[in-house]
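Engineer:
There are 2 protein chains.
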Amino acid sequence: MVRWQPGARERLQAAALERFAAEGFDGTTVAEIAATAGLTERTFFRHFADKREVLFAGQDEFERLFVAGIEDADGTDPIAVVAAALEGATGFFPEDRRAWSRARQEVIDADPGLQERELLKLSKLAGAMTDALRRRGIDPTPAALAAESGVAVFRVGFATWIAEGEERPLPVILRAVLGELRSLLA
Amino acid sequence: MVRWQPGARERLQAAALERFAAEGFDGTTVAEIAATAGLTERTFFRHFADKREVLFAGQDEFERLFVAGIEDADGTDPIAVVAAALEGATGFFPEDRRAWSRARQEVIDADPGLQERELLKLSKLAGAMTDALRRRGIDPTPAALAAESGVAVFRVGFATWIAEGEERPLPVILRAVLGELRSLLA
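Listed in order, the protein sequences are those of chains A and B.
Numbered per full-length UniProt numbering, the first sequence spans residues 1 to 186.
Numbered per full-length UniProt numbering, the second sequence spans residues 1 to 186.
#1: When you compare each of B:VAL67, B:GLU148, B:LEU55, B:VAL153 to GLU180 of chain A by their alpha carbons, which one comes out closest?
#2: Kindly give me the distance between the Cβ atoms of LEU55 of chain B and LEU114 of chain B, rounded to whole angstroms, as I take these residues to be in contact under 8 Å.
#3: Can you give me, in chain order, the residues of the stretch 122-148 of chain B that have a beta carbon less than 7 Å from any beta carbon in chain A?
#4: What residues in the stretch 81-107 of chain B have a beta carbon less than 9 Å from any beta carbon of chain A?
#5: Grab me the residues of ALA132 of chain B's own chain with a C-beta within less than 7 Å of its C-beta, minus the 5 sequence neighbours each way, in chain order.
#6: Would you say VAL177 of chain B reaches chain A, if we count a Cβ-Cβ gap shorter than 8 Å as a contact?
#7: Using the three-state DSSP reduction, which class does GLU63 of chain A fall into: helix, strand or coil?
#8: Is the beta carbon of ALA85 of chain A less than 8 Å from the beta carbon of GLY150 of chain A?
#9: Tell me the rounded alpha-carbon separation between PRO78 of chain A and THR160 of chain B.
#10: Please confirm whether PHE44 of chain B and ALA34 of chain B have their CB atoms less than 8 Å apart.
#11: Check whether the stretch 164-175 of chain B touches the stretch 160-174 of chain A, counting contact only when three or more Cβ pairs, one atom from each stretch, lie closer than 8 Å.
#12: Using CA atoms only, rank isn't needed, just tell me which of A:ASP96, A:ARG52, A:GLY7 is closest to THR29 of chain A.
#13: Quick one: does GLU166 of chain A have its CB under 8 Å from some CB of chain B?
#14: At 4 residues or longer, what runs of the alpha helix (DSSP H) sit wholly inside the stretch 79-155 of chain B?
#15: Under a Cβ-count criterion, where at least 16 other Cβ atoms within 10 Å of its own Cβ denotes burial, should ARG11 of chain A be classed as buried or exposed?
#16: Under a Cβ-count criterion, where at least 16 other Cβ atoms within 10 Å of its own Cβ denotes burial, should GLU22 of chain B be classed as buried or exposed?
#17: Spatial neighbours of ARG104 of chain B within its chain, please: C-beta separation below 8 Å, excluding the five flanking residues on both sides.
#18: So, for PHE62 of chain A: in the same chain, excluding its five sequence neighbours on each side, which residues have a beta-carbon less than 6 Å away from its beta-carbon?
#19: Can you tell me where the alpha helix (DSSP H) holding ARG52 of chain B begins and where it ends?
#20: Find the nearest neighbour of LEU122 of chain B within the set B:ASP111, B:ARG134, B:THR141, B:ALA152, judged by alpha-carbon distance.
#21: With a CB to CB cut of under 8 Å and the five nearest residues on each side skipped, what residues in its chain are close to ALA14 of chain B?
#22: Among A:ALA186, A:ARG98, A:LEU65, which has the Cα closest to the Cα of GLU87 of chain A?
#23: Which residues in the same chain have their Cβ closer than 7 Å to the Cβ of ALA163 of chain B, if we skip the five residues on either side of it in sequence?
#24: Counting only Cβ pairs nearer than 9 Å, list the residues of chain A close to GLN59 of chain B.
#25: Taking Cβ-Cβ distances shorter than 9 Å, what residues in chain B pair up with PRO78 of chain A?
#26: Is GLU63 of chain A close to chain B? Criterion is C-beta to C-beta, closer than 8 Å.
#27: Is the CB of ALA49 of chain B under 8 Å away from at least one CB in chain A?
#28: Return helix, strand or coil for ALA186 of chain A, following the three-state DSSP convention.
#29: Pick from A:GLY75, A:PRO140, A:ALA176: whose alpha carbon is nearest that of GLY157 of chain A?
#30: Give me the residue from A:ARG46, A:GLY27, A:VAL81 with the minimum Cα distance to ARG136 of chain A.
#31: Starting from the Cα of ILE108 of chain A, find the closest Cα among A:GLY7, A:ALA8, A:ASP26, A:ARG9 and give me that residue.
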């Protein structure tokens with residue numbers, strides 16, 4: 001009989017980041033993560049395929065939010081559509097996720113393999129956004145440029161959001177960064 | 001005594017792409033590449049550390065061209081500086097490299113590990129460009145946005161350059177793509 005552990009997933013995520021920060025990603029085992037969370041390895045594998053998945057779980061949901069934002073936006077101006085998608089995707093990053101996101105980024109920055117995985121995630125996001133813009137009838141080059149611009153704004157804005165001392169919410173930061181990009185290219 | 005083989009490097013690069021296209025990257029050995037080029041494995045290793053290096057040789061030179069372009073550009077407008085860097089970097093992609101670049105991209109697109117390596121290369125390029133813009137006194141956010149925009153224009157323009165049937169030279173395409181980005185964000 002499988003017993004559901006309330007909050008197990010969140011406890012495993014917190015425990016994993018604690019271990020990764022202390023011992024490095026490569027130096028941490030699933031057994032250690034489970035023990036730190038006070039849970040069994042079996043419970044770990046009920047929630048995550050492997051230790052890397054702790055850092056990348058929710059990736060499909062993250063991409064889906066951007067694509068849904070593009071599909072649901074009003075108008076046909078590519079950048080306005082991408083701006084709406086950025087707004088929608090900020091729902092994935094509520095305030096209480098900021099500290100976790102910061103700690104996660106530190107683990108990723110310390111490991112080239114994780115960096116490559118993160119870059120692939122963002123590259124796939126740009127591809128999915130380009131496809132969604134194309135489905136709205138936008139030509140290939142503007143679709144690709146609007147998607148790449150959206151991902152660039154997200155990258156720069158997200159790095160700002162998790163910087164030490166930053167207190168503005170992510171949607172406010174993303175709007176400011178998009179405004180800066182507009183004035184740079186004006 | 002080491003005998004220098006004239007044109008060996010170019011023959012090895014052509015042979016490697018031929019084998020990768022036919023057998024896949026993973027399915028190709030250095031021995032096969034050398035044999036296809038009519039050269040020895042020893043000669044191969046005089047030119048490349050491993051078979052992946054055939055695809056990524058010149059990466060430092062590629063990045064150096066962008067950074068030098070930023071350092072040498074006139075003015076302080078971040079996008080104008082990046083535009084000058086894009087112009088300078090096109091020297092890395094003369095017309096007679098277009099067919100090779102197209103074949104190389106097909107090999108990379110077929111292999112997730114090579115895709116990750118290519119993404120890491122472009123991410124490092126954006127970082128190096130951001131640092132070079134910062135050294136010119138540009139603030140962190142505009143420096144990062146201008147660098148990311150430059151890499152986005154390069155990615156989209158390069159994909160256009162190697163598309164079947166495209167005949168415009170890369171500098172012409174990059175100027176057109178940057179112009180499209182400007183009008184999108186206007």
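From the three backbone atoms N, C-alpha and C, an ideal C-beta is built for every residue, glycine too.
Here the structure is a predicted model, which is why all the values come from computation and not from measurement.
Structural biologist: Reading it off the structure:
#1: Among B:VAL67, B:GLU148, B:LEU55, B:VAL153, the Cα nearest to that of GLU180 of chain A is on B:GLU148.
#2: Yes, they are in contact, since the Cβ atoms of LEU55 of chain B and LEU114 of chain B sit about 7 Å apart, within 8 Å.
#3: Here the close residues are SER123, THR141, PRO142, ALA144, LEU145, ALA146, GLU148.
#4: Answer in chain order: no residues at all.
#5: Cβ neighbours of ALA132 of chain B beyond the five flanking positions: VAL67, ILE70, GLU71.
#6: Chain A contact via Cβ: present.
#7: Correct three-state label for GLU63 of chain A: helix.
#8: Taking 8 Å as the Cβ cut-off, ALA85 of chain A and GLY150 of chain A qualify as a contacting pair.
#9: Cα atoms of PRO78 of chain A and THR160 of chain B: separation of roughly 19 Å, rounded to the nearest angstrom.
#10: For PHE44 of chain B and ALA34 of chain B, yes; Cβs fall inside 8 Å.
#11: Too few Cβ pairs lie closer than 8 Å, so no.
#12: Measuring from the Cα of THR29 of chain A, the nearest candidate turns out to be A:ARG52.
#13: Not an interface residue.
#14: Runs of the alpha helix (DSSP H) inside the stretch 79-155 of chain B: 98-109, 112-135.
#15: By the 10 Å Cβ count, ARG11 of chain A comes out buried.
#16: A small fix is needed here, since residue 22 of chain B is Ala in this sequence, not Glu. ALA22 of chain B is exposed by the Cβ-count criterion.
#17: When the five nearest sequence neighbours on each side are left out, the beta carbons in the same chain lying within less than 8 Å of the beta carbon of ARG104 of chain B are those of LEU17, LEU55, in order along the chain.
#18: So the list reads PHE92, once near-sequence residues are dropped.
#19: Going by DSSP, ARG52 of chain B is part of the alpha helix (DSSP H) stretching over 51-56.
#20: Measuring from the Cα of LEU122 of chain B, the nearest candidate turns out to be B:ALA152.
#21: If the five residues before and after ALA14 of chain B are omitted, its C-beta is found closer than 8 Å to the C-beta atoms of ALA37, TRP100, all from its own chain and listed in chain order.
#22: Checked all of A:ALA186, A:ARG98, A:LEU65; the closest Cα to GLU87 of chain A is A:LEU65.
#23: So no residue of the chain qualifies.
#24: Near GLN59 of chain B there are no residues of chain A at all, since even the closest Cβ is about 15 Å away, more than 9 Å.
#25: Listed by position along chain B, the residues whose Cβ is nearer than 9 Å to that of PRO78 of chain A are LEU184.
#26: Cβ-Cβ to chain B under 8 Å: no for GLU63 of chain A.
#27: Contact of ALA49 of chain B with chain A is not assigned, every C-beta pair being separated by 8 Å or more.
#28: If DSSP states are grouped into helix, strand and coil, ALA186 of chain A belongs with coil.
#29: Checking every option, the nearest Cα to that of GLY157 of chain A belongs to A:ALA176.
#30: The shortest C-alpha to C-alpha distance from ARG136 of chain A to any of A:ARG46, A:GLY27, A:VAL81 is the one to A:VAL81.
#31: For ILE108 of chain A, the closest of A:GLY7, A:ALA8, A:ASP26, A:ARG9 by C-alpha to C-alpha distance is A:ASP26.
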